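Engineer:
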Amino acid sequence: MDTKKAILVGPFLPHERKQTWYSSPLEELDSLAKTAGIEVVGEFIQNLSDINPAYYLGKGKVLELARLVSEQRVDLVLFDNDLSPSQVKNLEKLLKVPILDRTELILYIFASHAKTKEAKLQVELAQMEYTLPRLQKMWTHLSRIDGKLGAKGPGEKQIEMDRRLVRKKIIQLKRVLENIQKRKVREVQKRHKVFKVALVGYTNAGKSTLMNALTQAGVLVEDKLFATLDTRTRVWNLAEGKKVLLSDTVGFISKIPPHLIASFHATLEEVTQADLLLHVVDLSHWAPMEGIQEVNKVLQSLGCENKPVIMVFNKVDLLTDPIELNLLKEKYSHHVVISAKKQEG
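Residue numbers for the sequence shown follow the working numbering, beginning at 82 and rising by one.
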């Protein structure tokens, strides 16, 4: 299969410009694209004062983007934000190539990386949760048209049928995942006499590499986003014959939709039940402090903000700015500085 070529689009509202914490505003979207096996051939950035309901971007900018798409002969366009169904339809009509928004791209990556039955179920639930509100918006649009005739048209009937099917599937998936979560809680509670530690952190921070270094677990390590979707728990042998249970978990990311976290709640059970969190931070990242804040937001949504945490400042061998590390060490008194890959620190 030929590699798809794409242009990245970053429409930034005023408050979003202040939140851009990468060396390039689209650096993370670029990493997501590469993880999905997509070749990035260009970037298109627009600073917005407000959102155009029809295209998200201003129409003049869309026409400018259309020329770029034609010149570069790309296969698809990736947006760094979520789009409504009508915006996707309007954009595809002008650009004449498929459009993928940020959440769709993340879901595609999740689906391709899901290996276990549990991970696949969680991805399917996230996909259904993403689809349902879009069906509702399509139904609202159709109801305005069909309502003029005083009766339901075939389009509206089909959408209502699709909505029922999606809702039914969501209920089924949630029921199965709730049972999995209950089983996980029981399994974790059986280990109540054993001290439990969970690795958390931004995606690609080096959690799996650290897991392997501490436990010789043989966990898959890849330099890509969301390489780990399933929780893996191994015995970590400490000094004097002491043992703890160490769990590797799915990485977090900025602008992650709440329903995506909810869908993966069963996987994150090891985090909520842990006695201690090891928050792994990538020191080679352009702005590690902001990455820490993004992870803390997710931990707060899980009710884990008050758990004991040790900050693990990883990839010190790739550190380019020692000033940043000194600031982090001052801010977080409970910390270690390591290179998990080189097993140093």
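Virtual Cβ for every residue (Gly too), placed ideally from N, Cα, C. For clarity, every value in this text was computed on a predicted model and none was experimentally measured.
(1) Within 10 angstroms of the Cβ of M209, are there 16 or more other Cβ atoms? Answer buried if so, exposed if not.
(2) In terms of residue numbering, what span does the alpha helix (DSSP H) encompassing N162 cover?
(3) My output table needs one value for R313: the three-state DSSP class, helix, strand or coil.
(4) Is M370 buried or exposed, if buried means 16 or more other CB atoms sit within 10 Å of its CB?
(5) Measuring alpha carbon to alpha carbon, tell me which residue in S112, K115 and F160 is nearest Q127.
(6) Take H340 and list the residues in its own chain whose beta-carbon comes closer than 8 Å to its own, dropping the five residues that flank it on each side.
(7) Should the stretch 347 to 358 be called in touch with the stretch 310 to 320, which here means at least 3 C-beta pairs below 8 Å?
(8) In terms of alpha-carbon separation, which member of E411, L409, V393 and N407 lies closest to E425?
(9) I need the straight-line Cα distance from L94 to L138, nearest angstrom please.
(10) With DSSP run on the structure shown, which of helix, strand or coil describes D111?
(11) Could you pull the DSSP bridge partners for E92 from this structure?
(12) What's the C-alpha gap between Q253 and K198?
(13) Given a threshold of 16 other Cβ atoms within 10 Å of its Cβ, counted over all protein chains shown, does E205 qualify as buried or as exposed?
(14) Got a sec, what are the start and stop residues for the alpha helix (DSSP H) V409 sits in?
(15) For the alpha helix (DSSP H) that I373 lies in, which residues bound it at each end?
(16) I190 lies in the alpha helix (DSSP H); which residues open and close that run?
(17) If you reduce the DSSP assignment to three classes, tell me which class V417 lands in.
(18) Return the bridge partner residues of K388 from the DSSP annotation.
(19) Here's a check: name, in chain order, each residue in its chain whose Cβ is nearer than 6 Å to the Cβ of T221, leaving out the five neighbours to either side.
(20) What residue from A195, R244, A117 and P106 has the CA that sits closest to E124's CA?
(21) In whole angstroms, what is the alpha-carbon distance linking L164 and I404?
(22) Could you say which of V90, A114 and L113 lies nearest to Y136 if we only look at CA atoms?
(23) Tell me which residues share the same chain as W102 and place their Cβ nearer than 6 Å to its Cβ, disregarding the 5 neighbours each side in the sequence.
(24) Can you find the residues in the same chain that come closer than 8 Å, C-beta to C-beta, to V178, ignoring five residues on each side of it along the sequence?
(25) Residues in its own chain within less than 8 Å of H416 by CB, not counting five upstream and five downstream?
(26) Can you tell me which of R215, V257, P214 and Q153 puts its alpha carbon nearest to the alpha carbon of K201?
(27) Under 8 Å, do L327 and L383 count as touching if we go by C-beta distance?
Structural biologist: With the given structure in hand:
(1) buried
(2) Per DSSP, N162 belongs to no alpha helix (DSSP H) and is neither H nor E.
(3) Strand at R313.
(4) For M370, the number of other beta carbons within 10 angstroms of its own is below 16, and it is reported as exposed.
(5) F160
(6) A207, E210 and Y211
(7) yes
(8) V393
(9) 10 Å
(10) helix
(11) Inspection of the sequence shows that residue 92 is occupied by Pro rather than by Glu. Q127.
(12) Each residue's Cα considered, the two are about 15 Å apart.
(13) buried
(14) Per the sequence presented here, residue 409 reads as Leu, with Val not at that position. It spans P403 to K412 - the alpha helix (DSSP H) in which L409 sits, taken as one unbroken run.
(15) P369 to S382
(16) R183 to H194
(17) strand
(18) Paired residues: none, contrary to the question.
(19) Because the pLDDT of T221 is 44, which lies under 50, any placement of that residue in the model is unreliable, and the question is left without a value.
(20) P106
(21) 39 Å
(22) V90
(23) Only weak support exists for where W102 lies, its pLDDT of 49 falling under 50; the value from the coordinates is given anyway. Excluding residues within five positions, the ones whose Cβ falls inside 6 Å are A368 and E371.
(24) V150, V155, D156, L157 and V158
(25) I391, M392, V393, F394, L409 and K410
(26) The shortest Cα separation from K201 among R215, V257, P214 and Q153 belongs to V257.
(27) no
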